[in-house]
Structure formats: structure tokens, C-alpha cells
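Enquirer: One gets the working numbering by counting positions in the sequence shown from 1 and adding 33 to each. Here it is, the structure, as C-alpha cells.
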Amino acid sequence: MNWNVEYEKWLDNGQLDADLRGQLEALQGDEKTLEDSFYKNMEFGTAGMRGVLGAGTNRMNIYTIRKASYGLAKFVAENGDAAKKRGVVIAYDPRHMSQEFAYESAAVLGANGIKSYVFESLRPTPELSFAIRDLNCFSGVVITASHNPPEYNGYKVYGEDGGQMPPASADAVTEYINSVEDIFSVEIKDVRELEANGILEVISDKVDVPYLEKLKEVIVNKSLVKEKGGDLKIVFTPLHGTGGILGVPALNSVGFTNIIRVEEQFVNDPNFGTIKSPNPENKEAFKLAIDYGEKYDGDILVGTDPDADRLGVAVRTKTGEYNVLSGNQIGALILNYLLKQKKNQGELPTNAAVLKSIVTSDLGREIAEFYGAEMIEVLTGFKFIAEKIKQFEETGSHTFEFGYEESNGYMVKSFTRDKDAIQAVLAISEVALDAKERGFTLLEELDNIFSQFGFYKEDLVSLTLSGKDGSERIKEIMASFRNQLPTSMGGEKIAHVEDYLRSEKSFASGETAPITLPRADVLKFYLEDGSWFCLRPSGTEPKIKFYFSIKGASEAASTAKLEKIRTELLERIEK
């Protein structure tokens with residue numbers, strides 16, 4: 034793709050959006066930025082597309098949104114008039130251009146005779162997943178870039194089961210998108226006309242009410258929460274996003290009434306002005322919440338990312354400081370509590386199953402197996418968890434109990450089919466309340482889990498490599514490890530390697546075995562003691578990620594082993 038040619042096409046288009054034209058004119062002479070804006074088309078993968086806002090074929094703007102929506106429209110139409118009538122529900126977060134992109138999507142769908150439902154204001158991504166099922170829609174779209182920096186936005190597409198669109202369907206949509214030769218030719222209809230004709234319906238609390246009602250099912254010990262919920266002091270921040278819209282009402286509805294709102298971060302702000310990054314995985318995102326926790330003596334601090342599909346948690350230590358838990362730790366706490374409670378109540382089915390991603394800690398496997406549940410691994414991405422749940426329903430082979438990823442994504446109940454921070458807020462609050470009633474903090478509860486199942490230490494290192502050059506460097510790193518597999522790391526021998534791109538396990542003995550999961554650009558190295566590290570390019574950001582999961586006889590032993598392995602791995606990357 035010749036970026037100069039595409040750039041000139043945009044400049045020569047007399048109908049080009051005035052704001053985008055101004056951006057292009059301001060970039061004249063900046064060939065590096067212009068090349069990155071036009072050297073390729075915005076990629077549409079199984080999670081939709083996500084990128085930097087701006088003018089160009091490789092940027093998020095009204096034209097790339099229209100093109101993506103055209104592909105979705107053709108896919109819906111391919112499935113007949115019934116699919117067109119069932120339509121597409123659209124939600125959006127507080128980011129720059131989110132509402133505009135939502136209505137651009139509806140304008141393209143309407144031009145193709147497809148019904149759309151657009152939320153009147155911001156809504157969490159998990160509610161979009163629920164809405165697809167509740168309204169019996171054929172598909173769904175959410176405009177969000179999750180926890181990315183403010184200059185990003187994205188377009189995520191969902192199937193009729195409420196899960197992110199599976200690979201086969203996403204491939205079909207991609208084919209239609211790629212058939213568009215002229216990005217400016219996509220037909221749109223005036224949204225006011227579409228609304229007047231009933232093809233576009235703006236919805237308010239039509240889905241809020243049933244979603245809030247279903248959220249009550251997340252609570253396991255309902256009498257405990259109803260009677261004692263007010264004893265737990267919860268500091269809540271939505272990090273300028275959608276989590277506060279339904280998070281606080283959901284907590285109140287089951288009995289958690291002692292909630293301190295981080296008011297500055299309940300303000301919808303596309304620039305996320307009070308934080309460096311709206312990612313609840315990071316301690317920096319909890320700075321204001323920690324101030325509130327110290328002022329009001331909060332038991333736990335909870336934070337949701339801008340589209341409320343990820344949950345972060347911080348808890349007070351014995352010295353009075355607040356410690357931000359990792360995604361793996363939060364998952365272990367919820368999983369252990371859910372299975373223990375259900376086992377004690379005689380409600381854990383014999384075919385109980387827990388789902389986690391391949392880069393999530395194996396501590397969850399130990400917990401699940403202890404209580405008699407099967408742990409099943411899937412590729413990274415909640416769409417694969419949703420696919421498994423659908424399979425369970427069709428075959429009756431397993432009963433879904435919990436699904437999670439190390440990147441702070443959790444699902445307790447399958448009325449949504451994506452990670453759901455509102456469900457997770459309820460679940461971790463119940464765990465904290467139960468622990469408090471027994472005289473423990475969440476950190477002490479976590480120590481009890483480690484004492485029982487082993488001391489696991491996890492880490493994630495993300496290397497950001499932006500632009501065309503960065504993309505090439507990521508490919509080089511992966512190729513380097515594939516072409517010269519390490520036999521040890523940090524002084525520990527590697528027992529076997531899992532290459533998900535080649536669908537093959539290779540053992541130190543020279544034997545091989547197939548991997549039955551779908552192909553993905555992932556390398557996972559298992560040490561002889563069961564610890565592992567993993568390399569995976571991000572599917573949504575210009576990053577390559579290095580995951581570590583280390584098990585030791587003590588916390589100190591795990592930490593020391595992790596440090597040695599991480600240091601050697603990163604030194605190899607830098608060579």
C-alpha cells in the first residue's frame with residue numbers, strides 16, 4: 034500500500050470532514066507520522082479494531098468506522114431479513130468521538146435496512162453484552178478502547194450470544210470490509226430520519242433494569258450481604274468511565290450501602306485528567322482512591338476501567354498502607370470463595386468447570402481441582418471463554434462456574450458473555466465482607482490461599498513498540514525465540530515449549546505433541562518445576578507482552594526465582 038497515494042486521495046477529496054482535513058494539513062512535512070497514518074488499512078481482528086484517533090486509513094475516524102460498519106452490515110444482511118430486523122445494539126464509553134462513532138455506525142446500518150438500538154448515554158461494555166441477549170439482537174457494537182491512553186478509540190463487535198464475535202464470523206466481516214475499494218463511498222442515512230422511521234431506536238433504562246436484577250445472582254451468601262453489607266467500607270472509582278453508572282446501584286441493591294465515591298473520577302472525562310493511565314491494574318490509577326481510603330478508613334478500594342469490563346482492587350496492609358492486588362490474585366480470591374461456598378452448601382455440580390486464559394496463573398488450577406472442578410484453558414481473549422460456555426450449553430458437558438484472565442477480567446454468571454467489572458465488584462466485595470466477618474483482611478485471606486496451594490508469584494512486562502518499525506521489531510523478537518529456543522532461563526532448565534502458532538508442544542527429550550487450541554502467535558516455556566514464562570504480541574496495542582508465573586516453596590523463593598528469569602529474558606531481548 035503506497036501511503037503517499039492514499040494521503041493524496043484524502044487531501045483531494047472535496048467532501049473530507051473539515052476536522053480531519055485540518056489535521057492532515059497540520060501534518061504536512063511530517064512524513065513519519067503521515068506514513069504511519071496511511072501505510073496500511075486499520076486492521077479488523079477477532080476483537081474488532083482499536084487505534085489512535087486521527088486522519089488516515091490506519092487511524093480511528095468516521096471513515097474507518099463507516100467502513101467497519103459496512104462490513105458488519107453486509108454480514109448481518111447475509112443472514113437474512115430476520116437478522117436485519119433483530120438488528121444491532123450499540124453502546125459507547127466516554128472517549129473522544131465515542132458517541133459520534135456510535136451514531137455513524139447506526140447511520141451505515143440504517144442505510145442497509147438494519148435496525149439499531151443506541152444507548153442514550155454511556156454504558157458499560159458488559160451491559161452491551163447483556164443487551165444483545167436481552168433484546169434478542171443479532172449483533173452488538175461497543176465503541177471503546179478499554180484502558181488505552183486518551184488518544185485511542187476502538188470498535189468491538191459481538192455475536193448474537195453476547196460474546197465477542199468468534200474468528201469465523203470476524204473473518205467474514207473482514208472480507209466485506211476489505212471489499213470496500215473507496216473508503217469515502219460507504220452510504221449513510223441521516224440518523225434523525227432513521228429514528229423517525231423506527232429503524233434507529235434510542236434506549237435509556239430499557240436494559241438497565243433487567244441487567245441490575247440479574248446482577249443480584251452474583252451474590253452467593255445473600256443473607257450475609259443483606260444483613261452485614263453495610264459493615265464493609267468500599268471506596269469506588271470508575272476512573273472517569275462507565276463503571277459508576279451501574280456499579281454503585283448494583284452494590285446498593287444487594288446490601289453494600291457503605292460506599293465512598295471518588296467524586297473527581299465520577300466525572301466523564303475523555304482525557305482522564307486525574308490519572309496517567311485509566312488502567313485499574315496499575316497502582317498509579319489508585320492514587321486518588323488511596324487518598325480517599327486513608328481519609329475514610331476504607332476496607333477495600335475498587336476501580337473499573339473506562340468501559341467497566343476490568344476491575345482493580347486495593348486493600349489495606351497491616352502497616353496501614355494500601356496494596357494493589359494483581360489480576361491473578363483477585364481471580365484466586367473470588368474463585369476460592371465461590372467454590373468453597375458452593376461446596377459447603379452442596380451446590381457445586383459434579384461437572385463444574387472453571388475457564389482461564391493460557392497466560393493466567395496456575396494457582397487457579399490448583400484451587401479448582403482441590404474443590405473438584407475442572408480447569409479448562411483457552412487462548413487469551415474473553416471471546417474464547419464465551420465460546421466454551423456456549424459449547425457447555427449445547428452439549429451439557431460442563432456447568433460454568435467462573436471465568437477469568439490475569440488482565441483483571443472476570444465473569445461469575447453467564448448472563449453476560451464478556452468480562453464484567455460490575456459482576457466482579459459485587460463478587461470481590463462479598464469475599465472481603467466474608468473475610469472481615471471472620472477477622473481477616475483480603476491480604477490475609479490471600480496468604481491463607483498461598484499457604485494451602487503454594488506460593489505463586491506473577492509478573493507482566495509490556496514493551497511498547499509503536500508504528501511500522503515497532504511492528505517489525507515485535508515480529509523479529511518472536512522469530513528469534515522460535516528459531517533459537519532457549520533450553521534454560523534464570524538457571525532453571527526448560528522442560529517443554531508450547532508454540533501456539535505451530536500448534537505444537539516440544540519437549541526437551543525431542544518428543545512433540547499437538548496443541549488443540551486455535552493458532553495464535555504465542556510461545557510458552559515451562560520449567561521443570563511447573564513455573565513458566567510466555568511471549569505474546571498484544572492483539573489490541575502496539576506491544577509485546579512477557580508473562581511470568583513462578584511457584585516456589587516460599588514467597589521469598591518465588592520472588593528470587595522470578596527476578597533471575599525476568600532479568601535473563603529481558604537481557605536477551607535487548608541484545
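In this text, a Cβ means the ideal position worked out from N, Cα and C, and glycines have one as well.
1. Of the choices D554, H529, I548 and Y96, whose alpha-carbon is the least far from that of S542?
2. Using C-beta distances below 7 Å, list every residue in its chain close to P311, excluding the 5 sequence neighbours before and after it, in chain order.
3. Can you find the residues in the same chain that come closer than 8 Å, C-beta to C-beta, to R92, ignoring five residues on each side of it along the sequence?
4. Just to confirm, are A553 and L534 a CB contact at a threshold of 8 Å?
5. Whole angstroms are fine: how far does the CA of L459 sit from the CA of L284?
6. Between G195 and S162, which are expected to be in contact by the criterion C-beta below 8 Å, what is the C-beta distance as a whole number of angstroms?
7. Ordered along the chain, which non-local residues of its own chain (more than five positions away) have a Cβ less than 8 Å from that of N254?
8. How many whole angstroms separate the CB atoms of L496 and I583, which I take to be in contact at a CB cut-off of 8 Å?
9. Restricting to Cα atoms, I'd like to know which of Q378, G143, T290 and Q456 is closest to K266.
10. Would you call the stretch 100-116 and the stretch 145-156 in contact, with 3 or more CB pairs under 8 Å?
11. So what does DSSP say about A419, is it helix, strand or coil?
12. Tell me whether T270 sits in a helix, a strand or coil according to DSSP, three-state version.
13. What alpha helix (DSSP H) runs, 4 residues minimum, are completely inside the stretch 130-162?
14. Kindly list the residues whose CB is nearer than 6 Å to the CB of S131, restricted to its own chain and excluding five residues on each side of it in sequence; keep chain order.
15. Extract the residue ranges of the beta strand (DSSP E) inside the stretch 362-402, only unbroken runs of 3 or more that lie entirely within it.
16. List the endpoints of the continuous beta strand (DSSP E) containing N356.
17. With DSSP as the reference, label Y72 as helix, strand or coil.
18. Determine the direct distance from the alpha carbon of D562 to that of G360, and round the result to whole angstroms.
19. With a CB to CB cut of under 6 Å and the five nearest residues on each side skipped, what residues in its chain are close to E596?
20. Pull up the DSSP beta-bridge partners for A318, would you.
21. For P127, does the count of other Cβ atoms within 10 angstroms reach 16, so buried, or fall short, so exposed?
22. Is DSSP giving K594 helix, strand or coil here?
23. Quick one: any contact between the stretch 348-355 and the stretch 473-483, if contact means 3 or more CB pairs under 8 Å?
24. Relative to the C-alpha of V174, which residue among V206, Q517 and Y355 is closest?
Expert: In short:
1. H529
2. H180, L272, H273, G274, F305, A318, D338 and P339
3. S70, M75, G84, V85 and L86
4. At the C-beta level, A553 and L534 come within 8 Å of one another.
5. Rounded to whole angstroms, the gap between the alpha carbons of L284 and L459 is 6 Å.
6. 4 Å
7. Q374, E463 and D467
8. With 8 Å as the limit, L496 and I583 do not qualify as a contact, their Cβ atoms being about 20 Å apart.
9. T290
10. yes
11. helix
12. Strand.
13. 131-144
14. Y125 and I176
15. You should have 385-390.
16. Element bounds for N356: Y355 to V357.
17. In the structure shown, Y72 sits in coil (DSSP, three-state: anything other than H, G, I, E or B).
18. 23 Å
19. none
20. A318 pairs with nothing; no bridge assigned.
21. Around the Cβ of P127, a 10 Å sphere holds 16 or more other Cβ atoms; the residue is buried.
22. helix
23. Touching, per the Cβ criterion.
24. V206
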